[in-house]
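Colleague: Heads up, the sequence shown is in full-length UniProt numbering, so the first residue is 1 and it goes up one at a time. Quick one: this structure, given as structure tokens, is what I'll be asking you about.
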Amino acid sequence: MTSLLNPYLTFDGKAREAVEFYHSIFGGELKVNTFGDFGAPDPASADLIMHAQLETPQGYTLMASDCPPGMEYKPGENITVSLSGADGDTLRNAWEKLSAGGQVRVPLEKQMWGDEFGQLVDRFGIPWMVNITQ
1 MTSLLNPYLT
11 FDGKAREAVE
21 FYHSIFGGEL
31 KVNTFGDFGA
41 PDPASADLIM
51 HAQLETPQGY
61 TLMASDCPPG
71 MEYKPGENIT
81 VSLSGADGDT
91 LRNAWEKLSA
101 GGQVRVPLEK
111 QMWGDEFGQL
121 VDRFGIPWMV
131 NITQ
């Protein structure tokens, strides 16, 4: 798998509605996982979207989620650049360089879904997430 660079949108409880809307426009394959799919203990967040990914016939990739429980939703700060793929060396190198002079919000480490994942804001104020698939 090659690495992807794409937008990652965050919503305040409307991620499902949004990705279904984009799917109706662009077509393609839509995959959706809820917080409940990964064992979220709070029933109020079980149906919220933890991760959605739309792959279109045009080659577009769009990812989205609802704001995780306990995190503040900030309109205007709800888009992140996502880097993902299986090339761990390339993605770890990008992580190191992007984090230099920036702020790491979530360290790049193994997550409950099995991949390595981290979030940071680079020195220019741009939010990034890196996911290395296993």
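In this text, a Cβ means the ideal position worked out from N, Cα and C, and glycines have one as well.
Look at G101 and L120 and say whether their C-beta atoms are less than 8 Å apart.
Modeller: As a position in the sequence shown, residue 101 is number 101, starting the count at 1. As a position in the sequence shown, residue 120 is number 120, starting the count at 1. Not closer than 8 Å, so no.
Colleague: The alpha helix (DSSP H) spanning L30 covers which residue range?
Modeller: Walking along the sequence shown from the start, residue 30 turns up at place 30. Element bounds for L30: not the alpha helix (DSSP H) but the beta strand (DSSP E), 29-34.
Colleague: My output table needs one value for D89: the three-state DSSP class, helix, strand or coil.
Modeller: Within the sequence shown, the letter at position 89 stands for residue 89. Looking at D89 - three-state DSSP - the assignment turns out to be helix.
Colleague: Can you give me the start and stop residues for the alpha helix (DSSP H) that I25 sits inside?
Modeller: Stepping through the sequence shown from its first residue, residue 25 is reached at position 25. First-last of the alpha helix (DSSP H) with I25: 15-26.
Colleague: Any contact of the region 70-87 with the region 5-12, i.e. 3+ C-beta pairs under 8 Å?
Modeller: Segments in contact, yes.
Colleague: What does L5 pair with, by DSSP beta-bridge criteria?
Modeller: Start at 1 with the first residue of the sequence shown, and residue 5 comes out as number 5. Bridge partners of L5: L83.
Colleague: What residues in its chain sit with their C-beta under 6 Å from that of K31, if we drop five residues either side in the sequence?
Modeller: For the purposes of this step, residue 31 is identified with residue 31 of the sequence shown, where counting begins at 1. Excluding residues within five positions, the ones whose Cβ falls inside 6 Å are Q53.
Colleague: In whole angstroms, give me the CA-to-CA distance for L108 and D115.
Modeller: For this step, residue 108 is matched to residue 108 along the sequence shown. For this step, residue 115 is matched to residue 115 along the sequence shown. Cα-Cα distance, rounded: 10 Å.
Colleague: Suppose you measure from the CA of N131 to the CA of W95; what does that come to, to the nearest Å?
Modeller: As a first step, residue 131 is located in the sequence shown; it is residue number 131 there, counting from the start. As a first step, residue 95 is located in the sequence shown; it is residue number 95 there, counting from the start. If you take the alpha carbons of N131 and W95, they lie about 10 Å apart.
Colleague: Reducing DSSP to helix, strand and coil, say where L62 ends up.
Modeller: The residue labelled residue 62 in the question sits at position 62 within the sequence shown. Three-state DSSP puts L62 in a strand.
Colleague: Taking Cβ to Cβ, would you say N33 is nearer than 8 Å to H51?
Modeller: Residue numbering aside, residue 33 sits at position 33 when the sequence shown is read from its first letter. Residue numbering aside, residue 51 sits at position 51 when the sequence shown is read from its first letter. In this structure, H51 lies closer than 8 Å to N33 by Cβ.
Colleague: So what does DSSP say about E55, is it helix, strand or coil?
Modeller: As a working mapping, residue 55 is identified with position 55 in the sequence shown. Reduced to three states, the DSSP call for E55 is strand.
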